[in-house]
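Note sheet for the following structure.
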């Protein structure tokens, strides 16, 4: 499905948007609910990823196809490996069979798991025969995607002896690890995280408990971008958000101050306000703790005609697509002066934005949503626009609320 985007009738915005629960929190809590059925979840994400995660957790034997959902692939690998009555073939899309899983599989095998590669060593699909894991110590490289680490931590309280994880080197994406541990603690699991050692203690049962999922800060990023590209005085209210968020992407509230966007925290909501015209030169940001914001930030800078140097992006190579190369290709189409490596991005200031460019999305929801705010400045075509359902199915409807013109061929 192709969508044509045109600018709102005014760049002075004033709207309220409700965003469903965080995909990251939802998938973690869904796994914990599978271990402890007394848990109730409110404001669950309506994303495709949360849907395939929920369906996958309900399977005991046979094929589990998680399509493009990388989080589900990693979380379900540990879940099925640790459940004695489960025997599945875990698979996904063509892109998923190109995304490495070896680090996690090796760690689980060290703990006693029975996992075999169905085709290519180190990559899905994988065949898992669940069993009782009694070993309780494992080591991992610290610079890998935090999802590998969180996957192990989430099943740890259900293991007979809990789990101690030793991380070797400098840790990547600490906020996502802390999110996992905080959710464990919210349901009464004892944890420990000091230096490069993480411990999760076992817990056999759980009293009834209701947890409310905070809305997704990654989804909020696109509205930060839109407000940054709007006129001074623009305001967009988003719900439901917390000031003391568990999500690493909440750093957006600080980052977007660079472009005159202030964040006011209310009761269960945030107000994004464009308070000034700011044009920082040579902005340097280390996004190793919030890599999912990189596409949005790069596009925002391009739309504002300012430069940036974004680092800490090494995990973007193994996402739904190689996000750095995808950014390079699509921003270049629009007239950007951009250079990428395997771990950073340099965008040089430019006031040129080509009109009516067709943006390819590479089966990546964030490519579609990160580029959409540029329709504040120019008309765009978004190819395969339905890909947003992976994390934010209502995205295009919400842009219409803001006044964007959205049409189909």
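In my numbering, the protein residues as written are 1 to 409.
Heads up, the beta-carbon is just placed ideally off N, CA and C, and yes, glycines get one too.
This structure is a prediction, so every number in the text was calculated from the model and none was measured.
Taking the alpha-carbon positions, what's the residue i to residue j distance?
i	j	result
residue 330	residue 124	29 Å
residue 65	residue 92	5 Å
residue 312	residue 287	5 Å
residue 201	residue 189	7 Å
residue 250	residue 158	30 Å
residue 359	residue 262	29 Å
residue 375	residue 393	19 Å
residue 149	residue 104	8 Å
residue 7	residue 399	10 Å
residue 346	residue 283	10 Å
residue 363	residue 369	12 Å
residue 407	residue 109	50 Å
residue 133	residue 10	59 Å
residue 241	residue 43	11 Å
residue 84	residue 355	57 Å
residue 194	residue 28	22 Å
Is it true that the CB of residue j sits closer than 9 Å to the CB of residue i?
i	j	result
residue 215	residue 22	yes
residue 127	residue 88	yes
residue 303	residue 377	yes
residue 231	residue 12	yes
residue 246	residue 285	no
residue 41	residue 299	no
residue 220	residue 255	no
residue 307	residue 348	yes
residue 16	residue 239	yes
residue 196	residue 169	yes
residue 174	residue 146	yes
residue 155	residue 81	yes
residue 180	residue 163	no
residue 142	residue 191	no
residue 4	residue 379	yes
residue 129	residue 115	yes
residue 365	residue 389	yes
residue 62	residue 72	no
Measure from the alpha carbon of residue i to the alpha carbon of each residue in the options, then state which is nearest.
i	options	result
residue 327	350, 296 and 352	296
residue 45	59, 140, 31 and 24	24
residue 117	111, 90, 72 and 135	90
residue 211	4, 39, 28 and 390	39
residue 373	396, 138 and 143	396
residue 26	1, 9 and 52	52
residue 361	334, 186, 332 and 320	320
Helix, strand or coil: which one does DSSP assign to residue i?
i	result
residue 106	helix
residue 286	strand
residue 87	strand
residue 49	helix
residue 117	strand
residue 148	helix
residue 328	helix
residue 39	strand
residue 75	helix
residue 373	helix
residue 186	helix
Between residue i and chain D, is any beta-carbon pair separated by less than 9 Å?
i	result
residue 221	Any reference to chain D falls outside this structure, which holds one protein chain only.
Within its chain, find whatever has a CB closer than 8 Å to the CB of residue i; leave out the 5 residues flanking it on each side and keep chain order.
i	result
residue 316	291, 294, 322, 323 and 324
Using C-beta distances below 6 Å, list every residue in its chain close to residue i, excluding the 5 sequence neighbours before and after it, in chain order.
i	result
residue 18	239
residue 234	12, 13, 227 and 274
residue 97	123 and 124
residue 184	191
In chain order, what residues of the same chain have a beta carbon less than 7 Å from the beta carbon of residue i, not counting five sequence neighbours either side?
i	result
residue 305	349, 350 and 351
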